[in-house]
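Only one structure is covered here, and it is reproduced in the block below.
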Ligand code: PMP
């Protein structure tokens with residue numbers, strides 16, 4: 053070699069994706085995607101699809117629920133819930149804890165509902181008394197709750213709020229896009245009529261599938277409609293026979309399912325259930341505690357205003373004084389992808405780190421280290437470099 057020693061150029065490494073969805077997925081899930089698509093009526097797909105539906109009931113803890121798996125994103129799952137349960141003139145109450153609560157209100161209004169929003173400041177959740185008062189103000193058909201609002205990392209107390217709605221006869225819809233598979237959610241026990249999510253979150257598959265589980269009560273409410281569902285593709289009437297056919301391992305067609313994604317979903321649900329739901333809830337809580345210890349060491353202020361209202365599936369953190377959205381790029385340069393802000397009011401003041409699904413202790417440490425180094429490069433070196441990693445490590449090493 054001439055010209056003296058030079059550091060060898062390393063091939064660019066794939067960064068670690070730590071945004072609140074899409075998330076890192078298991079190799080077995082990726083492998084399920086890399087095959088030539090089978091017929092949607094192939095006996096193997098009938099088995100895989102049917103098993104995925106069975107598994108969804110286990111993940112949602114809804115043994116008597118009716119699962120729906122439809123190609124689309126989480127927003128389609130939201131719209132399916134609304135389109136099938138609401139008729140023009142129905143009143144709905146939305147527990148609005150951020151960007152996605154506002155989206156739910158918009159979808160409800162689009163389908164003719166009159167909406168009362170019970171809102172909270174960014175990072176906070178409304179009290180049970182406020183929600184009860186809104187429910188009691190006039191007859192209410194539907195109560196919508198965002199379990200974790202991904203824009204603020206605030207978490208609503210679904211068990212308590214669903215109880216309020218249920219005892220007043222409202223249908224309870226939970227947007228669990230940023231919670232199902234990570235946060236404790238017991239659909240049947242908590243009287244949740246529709247719980248919904250998307251494949252790219254804690255479920256652990258790539259984006260592309262809307263996932264929804266309806267209670268018997270929700271299906272009855274859809275059957276009792278006086279008017280047609282205002283969306284053809286989202287109509288339970290089209291999908292229910294298909295889901296029932298797949299559950300019975302029988303062929304039936306309405307619209308071509310995303311067969312590769314269904315195979316990937318079945319694989320990810322199998323991995324999730326092999327761990328078990330109770331362990332899943334504990335692991336997410338443990339991981340979140342490790343991150344919170346690191347944020348404290350880095351003196352990063354969380355957006356959620358209380359510990360009880362803090363999600364286990366992601367963190368939202370205000371930038372320190374003098375640091376703005378450039379931090380996201382600086383962290384990316386350290387090999388980890390985190391997300392900027394999403395909440396209209398908070399906009400560029402904060403960033404978000406996803407920690408749901410496949411988030412191993414090594415990923416926690418890599419992420420905290422990358423943020424620590426990026427802050428230091430932007431002139432915000434912590435008092436003791438490595439203290440945040442050590443704080444996370446101490447929690448990870450302790451019993452979960
Ligand atoms: N609700 C919540 C809580 C979400 O986090 C998201 C996605 N980030 C959605 C709904 C919408 O899902 P999608 O982007 O898959 O349409």
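Numbering (this note's numbering), first residue to last: 53 to 452.
C-beta atoms are modelled at their ideal positions from N, C-alpha and C, and glycine is treated no differently.
Could you tell me how far apart the beta carbons of residue i and residue j are, in whole angstroms, since I believe they sit closer than 8 Å?
{"i": "residue 391", "j": "residue 149", "result": "Wrong, their Cβ atoms sit about 18 Å apart, outside the cutoff."}
{"i": "residue 121", "j": "residue 146", "result": "So it is not a contact: roughly 25 Å between Cβ atoms."}
{"i": "residue 405", "j": "residue 175", "result": "Actually they are not in contact, since the Cβ atoms of residue 405 and residue 175 sit about 15 Å apart, beyond 8 Å."}
{"i": "residue 493", "j": "residue 316", "result": "The first residue shown for the chain is 53 and the last is 452, placing residue 493 beyond what the model contains."}
{"i": "residue 15", "j": "residue 68", "result": "Nothing can be reported for residue 15, as the shown portion of the chain is limited to 53 through 452."}
{"i": "residue 75", "j": "residue 260", "result": "In fact, because the Cβ distance is near 14 Å, the residues do not count as touching under 8 Å."}
{"i": "residue 144", "j": "residue 165", "result": "4 Å"}
{"i": "residue 262", "j": "residue 126", "result": "6 Å"}
{"i": "residue 226", "j": "residue 217", "result": "In fact, because the Cβ distance is near 10 Å, the residues do not count as touching under 8 Å."}
{"i": "residue 258", "j": "residue 251", "result": "6 Å"}
{"i": "residue 159", "j": "residue 130", "result": "6 Å"}
{"i": "residue 456", "j": "residue 246", "result": "The question about residue 456 has no answer here: the residues shown for the chain are numbered 53 through 452."}
Using DSSP with H/G/I as helix, E/B as strand and the rest coil, what is residue i?
{"i": "residue 333", "result": "helix"}
{"i": "residue 257", "result": "coil"}
{"i": "residue 432", "result": "coil"}
{"i": "residue 301", "result": "coil"}
{"i": "residue 143", "result": "strand"}
{"i": "residue 307", "result": "coil"}
{"i": "residue 269", "result": "helix"}
{"i": "residue 171", "result": "strand"}
{"i": "residue 33", "result": "Examination of residue 33 is not possible in this model, given that the chain is present from 53 through 452 alone."}
{"i": "residue 362", "result": "strand"}
{"i": "residue 188", "result": "helix"}
{"i": "residue 318", "result": "helix"}
{"i": "residue 166", "result": "strand"}
{"i": "residue 74", "result": "coil"}
{"i": "residue 222", "result": "coil"}
{"i": "residue 134", "result": "helix"}
{"i": "residue 53", "result": "Note that residue 53 scores 41 on pLDDT, short of 50, meaning its location in the model is unreliable; the coordinates nonetheless yield the value given after this. The answer is coil: DSSP assigns residue 53 none of H, G, I, E or B."}
{"i": "residue 217", "result": "helix"}
{"i": "residue 296", "result": "helix"}
{"i": "residue 232", "result": "coil"}
{"i": "residue 437", "result": "coil"}
{"i": "residue 125", "result": "coil"}
{"i": "residue 287", "result": "coil"}
Who pairs with residue i in a beta bridge, going by DSSP?
{"i": "residue 370", "result": "402"}
{"i": "residue 120", "result": "264"}
{"i": "residue 391", "result": "404"}
{"i": "residue 66", "result": "According to DSSP, which records beta bridges pairwise, residue 66 is partnered with nothing at all."}
{"i": "residue 198", "result": "227"}
{"i": "residue 249", "result": "263"}
{"i": "residue 94", "result": "DSSP lists no partner for residue 94."}
{"i": "residue 209", "result": "For residue 209, which the question treats as bridged, DSSP gives no partner whatsoever."}
{"i": "residue 148", "result": "171"}
Answer with buried or exposed for residue i, where buried requires no fewer than 16 other C-beta atoms within 10 angstroms of its C-beta.
{"i": "residue 173", "result": "exposed"}
{"i": "residue 310", "result": "buried"}
{"i": "residue 328", "result": "exposed"}
{"i": "residue 111", "result": "buried"}
{"i": "residue 65", "result": "exposed"}
{"i": "residue 27", "result": "In the structure displayed, the chain extends from 53 to 452; residue 27 sits before or after that span and is not available."}
{"i": "residue 167", "result": "buried"}
{"i": "residue 400", "result": "exposed"}
{"i": "residue 284", "result": "exposed"}
{"i": "residue 296", "result": "exposed"}
{"i": "residue 141", "result": "exposed"}
{"i": "residue 330", "result": "exposed"}
{"i": "residue 221", "result": "exposed"}
{"i": "residue 275", "result": "exposed"}
{"i": "residue 253", "result": "buried"}
{"i": "residue 435", "result": "exposed"}
{"i": "residue 87", "result": "exposed"}
{"i": "residue 359", "result": "exposed"}
{"i": "residue 412", "result": "exposed"}
{"i": "residue 402", "result": "buried"}
{"i": "residue 235", "result": "buried"}
For chain B, find out if any of its Cβ atoms is closer than 7 Å to the Cβ of residue i; answer yes or no.
{"i": "residue 113", "result": "The question asks about chain B, but that chain is absent: this structure has only one protein chain."}
At least 3 beta-carbon pairs within less than 8 Å: the segment 368–376 vs the segment 223–242: no
Segment contact, 8 Å Cβ cut-off, at least three pairs: the segment 318–326 with the segment 102–118: yes
Stretch-stretch touch, CB-based, cutoff 8 Å, three pairs: the segment 286–294 with the segment 339–356: no
Sufficient close CB pairs (3 or more, under 8 Å) joining the segment 378–387 to the segment 420–431: At 8 Å Cβ cutoff, the stretches touch.
Stretch-stretch touch, CB-based, cutoff 8 Å, three pairs: the segment 184–200 with the segment 223–237: yes
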